[in-house]
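Data first, discussion second: the structure below is written as structure tokens.
Okay, here's the thing in structure tokens:
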């Protein structure tokens, strides 16, 4: 079945790295996404990775994909208070146009 | 400025009333989507439309209806048949039916009492 799981909360100190984890079950997933949601707002696309890649880096963001274990992670380097938000991972299977979202991880950055 | 607008930001209704949520985009995107977000849960797909005058049910379509008469607009009606309508509703769009990147509006928080 389709399911995407994330831990609900993560707390880090400003300047440290944050690692947000996600596991998925659909082995045919083609694209995997990370979105950020600030309080009371819509979702903002942060980055994405194709299923045939292992890693993608974009400034402070690093996405790692372990396809064998169906594990996706988002690392935020030098975490700032402005990074406090809910982070969602999502998978899309080619041809379905349908996103499966995780439950979201609430990141709290302590000053 | 291109983007997706949803109005109003907050909406209050009495139980038993139908209510329509607005979603407009000026990105020239073909596909549009409606999601529902509840605390501690991921987004759940209500309806989606890949082209004008066509739409499909998502995972939780019961108690909702949509129309897609114009490319720019995809209104969602929450009917009195929806058992638990209080939620945060998000509209999204993507460039084409083959484009997987979705862009989200700011959301409408609906409270039904």
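Chains as they are written, first to last, in the numbering used here: chain A, 1222 to 1332; chain B, 3 to 115. Note that the Cβ used here is the ideal one computed from N, Cα and C, for glycine as well. Computed from a predicted structure; not experimentally measured.
Can you find a C-beta in chain B that's less than 8 Å from the C-beta of residue i?
i	result
residue 1320 (chain A)	yes
residue 1309 (chain A)	yes
residue 1324 (chain A)	yes
residue 1293 (chain A)	no
Pop quiz: residue i and residue j are said to be a contact at Cβ under 8 Å. What is the actual Cβ separation, rounded to whole angstroms?
i	j	result
residue 116 (chain B)	residue 48 (chain B)	Past the boundaries of the shown model lies residue 116 (chain B); chain B is included only from 3 to 115, so the question cannot be answered.
residue 1265 (chain A)	residue 1324 (chain A)	With a Cβ gap of about 18 Å, residue 1265 (chain A) and residue 1324 (chain A) do not count as contacting.
residue 1322 (chain A)	residue 1258 (chain A)	Actually they are not in contact, since the Cβ atoms of residue 1322 (chain A) and residue 1258 (chain A) sit about 11 Å apart, beyond 8 Å.
residue 1328 (chain A)	residue 1239 (chain A)	6 Å
residue 94 (chain B)	residue 35 (chain B)	4 Å
Between residue i and residue j, what straight-line distance do the alpha-carbon atoms span, to the nearest angstrom?
i	j	result
residue 62 (chain B)	residue 1278 (chain A)	35 Å
residue 1237 (chain A)	residue 1297 (chain A)	9 Å
residue 44 (chain B)	residue 1283 (chain A)	22 Å
residue 1295 (chain A)	residue 1312 (chain A)	14 Å
residue 1320 (chain A)	residue 1314 (chain A)	8 Å
residue 1303 (chain A)	residue 109 (chain B)	20 Å
residue 105 (chain B)	residue 90 (chain B)	16 Å
residue 71 (chain B)	residue 1332 (chain A)	49 Å
Which partner residues of residue i appear in the DSSP bridge assignment?
i	result
residue 1257 (chain A)	A:1265, A:1308
residue 1240 (chain A)	A:1296
residue 1327 (chain A)	A:1230, A:1307
Between residue i and chain A, is any beta-carbon pair separated by less than 8 Å?
i	result
residue 47 (chain B)	yes
residue 102 (chain B)	yes
residue 13 (chain B)	no
residue 29 (chain B)	no
Does residue i pass the burial test, meaning 16 or more other C-beta atoms within 10 Å, or should it be called exposed?
i	result
residue 1232 (chain A)	exposed
residue 1246 (chain A)	exposed
residue 87 (chain B)	buried
residue 1222 (chain A)	At residue 1222 (chain A), the pLDDT of 49 sits below 50, so the modelled position is not reliable and the matter cannot be decided from this model.
residue 1253 (chain A)	buried
residue 1292 (chain A)	exposed
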